[in-house]
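S.K.:
Number of protein chains: 2
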Amino acid sequence: MSLVIVGSIAFDTIETTSGRRERIVGGSGTYSALAASFFTRPRLVGVVGRDFPKSTMAFLKKRGVDLRGLAVKPGRTFQWEGRYGEDSNQRTTVRTDLNVFGRFEPVLPAAYRGADIIFLSSIDPDLQPRILDQAKRPRLVAMDTIRFWIETKREAVLRELGRVDLLFANDEEVKLIAGDPNLVRAAGRILESGPSLVAAKKGEHGAMLFGRDFTFGVLAHPCPHVIDPTGAGDSFAGGFLGYLDRAGRSGPRELRKAAVYGSVMASFVIEDFGIERLRTLTPGQITGRYRFFKKLIEF
Amino acid sequence: MSLVIVGSIAFDTIETTSGRRERIVGGSGTYSALAASFFTRPRLVGVVGRDFPKSTMAFLKKRGVDLRGLAVKPGRTFQWEGRYGEDSNQRTTVRTDLNVFGRFEPVLPAAYRGADIIFLSSIDPDLQPRILDQAKRPRLVAMDTIRFWIETKREAVLRELGRVDLLFANDEEVKLIAGDPNLVRAAGRILESGPSLVAAKKGEHGAMLFGRDFTFGVLAHPCPHVIDPTGAGDSFAGGFLGYLDRAGRSGPRELRKAAVYGSVMASFVIEDFGIERLRTLTPGQITGRYRFFKKLIEF
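Chains as they are written, first to last, in this note's numbering: chain A, 1350 to 1648; chain H, 1350 to 1648.
Here you go:
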């Protein structure tokens, strides 16, 4: 079992109704690797600048994240600035400085090439073939994408879909990719174009999992104080794939549980700014919330 | 066991992405009574004009709806015109002609006064005390409300809340009543002001049930072709209360099942314009979809 995650590692400046934080560690790769680290030992492929804090590297390692695929390049780390209004499902990007991430040439270390699961987390869709060509026969390839790539590199995103098993995307992005305002139909169309699974993330409304022969729905944890929604979707994917990697199988039973663990991990991340909540999170708290989710929907 | 529903009976003109229908029968009382009729024999209190079709009266009676509380007055029946865009959770009211409903003086026939459950479905909040003063000791009083009343008669809505056990409202309305953008907190505030239960309806995202000591979430049926969302919320409440009336108890176990039956009834109504789908719906189809809901969320 092994899970390789390719994604961004960033400094985020974030403003929410709970406050503002400047240059805190974020990025899709960071969130998904940390979330996955509660289930397996994920391998992270990404790039940072020389300004990236050693203490965060140490924290990632302590959580069991394999950093042999993390390149440190001259220059500055990717920076993102965003703002959330009262509706935490809506965010505005204020500024994006790609810095070293703009010249990202992902290389899978030899030890990563036999990975069972590969997750391409919201990266430039043009990078996908180069990454997959370095891998042997992964059991499962997953991708996430963002509105920016769907709007600016639509053809590349559609090509990328043809080579993956599982698409993670927000419900709005699923509709945008398929060009259909109905989520169920939109997911159905995407299932015809390559992936055998679509995980549609719906923020505070949870997530839906659409397969060719099954549909599964999971709620979000009813959270009275969303401090910072950043990274919720990446943590969903990280928890999902981390669990699947640990389970060693991806039948309907495992996929359902994976989606719940994804929602559980997302529910913790939003309880504090950035990756803070993951510093104190314990396996017992994860199990407790998993049980809460069972109770929440039981009838 | 008996359930009294006080609500509107209307002619609706509706435009959705699936087409347009003029002057079809609708109204909150109609939808909730019909949905409830699959579980119990609801008693409807409302008013129509002399233009109301005898065939619809006959259909309501055939479904077991008690119409002794339905007044037929000189004048025209309430008319509403609305339009839905691609997002079926959003609707625009084009026109409202209250007609006889504007002079609605609800009277509970003697046989209705000992009702176990009373549902005040989106009516003028000023009417509430007059109705409740006619009732003996109902086991449960429920209300639904709409943005229009919250915005134009806020004080009356808040007073109304003080006399009910259960509030049905859209998630946006729950937030608007409480003045809080977070649904969980907003529901919590409403629970402090009277009701012991808040059922927050979220359209395609399902519904959440908030009590003082429990939270329950139910999904919506993943529907690939929403023909007409009108009446979904009223049918949710009708199915919910119809089931509770039949169950004869309203403990947490019954409330959870009630919410699922509510979601089941809403899921059928949106499959056709107006009340059409309820004309062909069978108990077997309801049971089948209830089982589907179990499977949908099982992990």
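Even for Gly, the Cβ is constructed at its ideal location relative to N, Cα and C.
(1) Restricting to Cα atoms, I'd like to know which of H/Gly1560, H/Arg1425 and H/Val1506 is closest to H/Gly1398.
(2) Could you pull the start and end residues of the beta strand (DSSP E) that H/Ile1466 belongs to?
(3) Is there a Cβ from chain A that is less than 7 angstroms from the Cβ of H/Phe1648?
(4) Using DSSP bridges, identify the partner residues of H/Lys1550.
(5) Nearest by alpha-carbon distance to H/Ala1527: which of H/Val1609, H/Val1547 and H/Leu1489 is it?
(6) Please list the partners that A/Asn1519 has in chain H, where partner means a Cβ-to-Cβ separation under 7 angstroms.
(7) Rank A/Leu1558, A/Ile1619 and A/Arg1628 by C-alpha distance to the C-alpha of A/Met1406 and give the top, closest one.
(8) What does a CB cutoff of less than 7 angstroms around H/Arg1605 pick up in its chain, not counting 5 residues either side in sequence?
(9) Determine, using beta carbons only, whether H/Pro1625 comes closer than 7 angstroms to chain A.
(10) Find the nearest neighbour of A/Glu1430 within the set A/Thr1631, A/Asp1361 and A/Val1421, judged by alpha-carbon distance.
(11) Listing by chain order, which chain H residues have their CB less than 7 angstroms from the CB of A/Leu1590?
(12) Give the secondary structure of A/Leu1419 by DSSP, where H, G and I count as helix, E and B as strand, and everything else as coil.
(13) What residues from chain H crowd round A/Gly1537, counting only those whose CB sits closer than 8 angstroms?
(14) Checking contacts by CB at 7 angstroms: is A/Thr1365 closer than that to chain H?
(15) Looking at H/Ala1608 and H/Val1567, is the spacing between their C-beta atoms short of 7 angstroms?
(16) Short of 6 angstroms in beta carbon distance, which residues of its chain neighbour H/Ala1420, apart from the five on each side in sequence? Order them along the chain.
(17) In the DSSP assignment, find the unbroken alpha helix (DSSP H) run with A/Ile1499 in it and report its ends.
(18) Please confirm if the region 1354-1369 of chain H is in contact with the region 1432-1448 of chain H, defined as three or more CB-CB distances below 8 angstroms between the two stretches.
(19) What's the gap between the Cα of A/Gly1375 and the Cα of H/Ser1386?
(20) Taking its Cβ as the centre, do 16 or more other Cβ atoms sit within 10 Å of A/Ser1616, making it buried, or is it exposed?
(21) Could you give the first and the last residue of the continuous alpha helix (DSSP H) run that contains A/Glu1625?
(22) Using a Cβ cut-off of 8 angstroms, which residues of the region 1504-1515 of chain A contact any Cβ in chain H, in chain order?
(23) Hey, is the region 1618-1633 of chain H in contact with the region 1536-1544 of chain H, meaning 3+ C-beta pairs nearer than 8 angstroms?
(24) Would you mind working out which of H/Ser1351, H/Met1350, H/Ile1373 and H/Val1355 sits nearest H/Glu1625, comparing C-alpha positions?
(25) What does H/Leu1593 reach in chain A if we use C-beta pairs closer than 7 angstroms?
(26) Between H/Phe1360 and the ligand NAD, is the CB less than 6 angstroms from at least one heavy atom?
(27) Kindly confirm or deny that the region 1480-1489 of chain H and the region 1463-1471 of chain H touch, where touching means at least three C-beta pairs closer than 8 angstroms.
(28) Is there contact here, the region 1504-1513 of chain A with the region 1549-1565 of chain A, by at least three beta-carbon pairs under 8 angstroms?
(29) Starting from A/Val1533, trace the alpha helix (DSSP H) in both directions and tell me its first and last residue.
(30) Which residue comes first and which comes last in the alpha helix (DSSP H) that contains H/Glu1603?
(31) For A/Asp1583, tell me which candidate among A/Leu1469, A/Ser1404 and A/Asp1482 has the shortest Cα-Cα distance.
(32) Can you give me the start and stop residues for the beta strand (DSSP E) that H/Ala1459 sits inside?
(33) For A/Thr1494, count the other beta carbons within 10 Å of its own beta carbon; 16 or more makes it buried, fewer makes it exposed. Which is it?
M.R.: Straight from the coordinates:
(1) By 1-based counting over the second sequence, the position of residue 1398 of chain H is 49. Selected option, being the one with the closest Cα: H/Arg1425.
(2) Here residue 1466 of chain H is taken as the residue at index 117 of the second sequence, counted from 1. Residues Ile1466 to Ser1470.
(3) Here the question's residue 1648 of chain H lines up with position 299 in the second sequence. It does: the Cβ of H/Phe1648 has a partner Cβ on chain A nearer than 7 angstroms.
(4) As a position in the second sequence, residue 1550 of chain H is number 201, starting the count at 1. DSSP lists H/Asn1519 and H/Ala1556 as partners of H/Lys1550.
(5) On the second sequence, residue 1527 of chain H is found 178 positions in, with the first residue counted as 1. Here the closest residue by C-alpha is H/Val1547.
(6) For the purposes of this step, residue 1519 of chain A is taken as residue 170 along the first sequence, with counting starting at 1. Near A/Asn1519 there are no residues of chain H at all, since even the closest Cβ is about 13 angstroms away, more than 7 angstroms.
(7) As a working note, residue 1406 of chain A is residue 57 in the first sequence. When each option's Cα is compared against that of A/Met1406, the closest is A/Arg1628.
(8) Reading the second sequence from its first residue, position 256 is the one you call residue 1605 of chain H. Taken in chain order, the residues that qualify are Phe1565.
(9) For the purposes of this step, residue 1625 of chain H is taken as residue 276 along the second sequence, with counting starting at 1. Residue identity check: residue 1625 of chain H is Glu in the sequence provided, not Pro. Answer no: the Cβ-Cβ gap between H/Glu1625 and chain A never drops below 7 angstroms.
(10) For the purposes of this step, residue 1430 of chain A is identified with residue 81 of the first sequence, where counting begins at 1. The candidate whose alpha carbon is nearest that of A/Glu1430 is A/Asp1361.
(11) Indexing the first sequence from 1 puts residue 1590 of chain A at position 241. Correct list: empty, because the minimum Cβ distance to chain H is about 16 angstroms.
(12) Walking along the first sequence from the start, residue 1419 of chain A turns up at place 70. Correct three-state label for A/Leu1419: strand.
(13) To locate residue 1537 of chain A, count along the first sequence from 1; it is residue 188. By Cβ distance, chain H contributes Pro1573.
(14) The count along the first sequence starts at 1 and reaches residue 1365 of chain A at position 16. Answer no: the Cβ-Cβ gap between A/Thr1365 and chain H never drops below 7 angstroms.
(15) Residue mapping note: residue 1567 of chain H aligns to position 218 of the second sequence, counting from 1. Residue mapping note: residue 1608 of chain H aligns to position 259 of the second sequence, counting from 1. Cβ distance < 7 angstroms, so H/Val1567 and H/Ala1608 count as in contact.
(16) Numbered from its first residue, the second sequence carries residue 1420 of chain H at position 71. Taken in chain order, the residues that qualify are Val1396.
(17) Residue numbering aside, residue 1499 of chain A sits at position 150 when the first sequence is read from its first letter. Per DSSP, A/Ile1499 belongs to the alpha helix (DSSP H) from Arg1496 to Thr1501.
(18) yes
(19) If you number the first sequence from 1, residue 1375 of chain A lands on position 26. If you number the second sequence from 1, residue 1386 of chain H lands on position 37. Between A/Gly1375 and H/Ser1386, the C-alpha separation is close to 53 angstroms.
(20) Within the first sequence, the letter at position 267 stands for residue 1616 of chain A. A/Ser1616 should be labelled buried.
(21) Numbered from its first residue, the first sequence carries residue 1625 of chain A at position 276. Counting along the chain, the alpha helix (DSSP H) containing A/Glu1625 begins and ends at Glu1625 to Thr1629.
(22) none
(23) no
(24) Taking the second sequence and counting its residues from 1, one reaches residue 1625 of chain H at position 276. The residue with the shortest Cα to Cα distance from H/Glu1625 is H/Ile1373.
(25) Residue numbering aside, residue 1593 of chain H sits at position 244 when the second sequence is read from its first letter. Those within 7 angstroms of H/Leu1593 in chain A number zero; the least Cβ separation is about 13 angstroms.
(26) Among the components of this structure there are no ligands whatsoever, and the ligand NAD is therefore not found.
(27) yes
(28) no
(29) What you label residue 1533 of chain A is simply residue 184 of the first sequence in a count that begins at 1. Per DSSP, A/Val1533 belongs to the alpha helix (DSSP H) from Leu1532 to Glu1541.
(30) Indexing the second sequence from 1 puts residue 1603 of chain H at position 254. Run containing H/Glu1603: Pro1601 to Val1618, per the alpha helix (DSSP H) assignment.
(31) Looking up residue 1583 of chain A in the first sequence gives position 234. The shortest C-alpha separation from A/Asp1583 is found at A/Leu1469.
(32) Taking the second sequence and counting its residues from 1, the one referred to as residue 1459 of chain H is at position 110. Taken as a continuous stretch (DSSP letters only), H/Ala1459 belongs to no beta strand (DSSP E), as it is neither H nor E.
(33) Here residue 1494 of chain A is taken as the residue at index 145 of the first sequence, counted from 1. Buried: at least 16 other Cβ atoms inside 10 Å.
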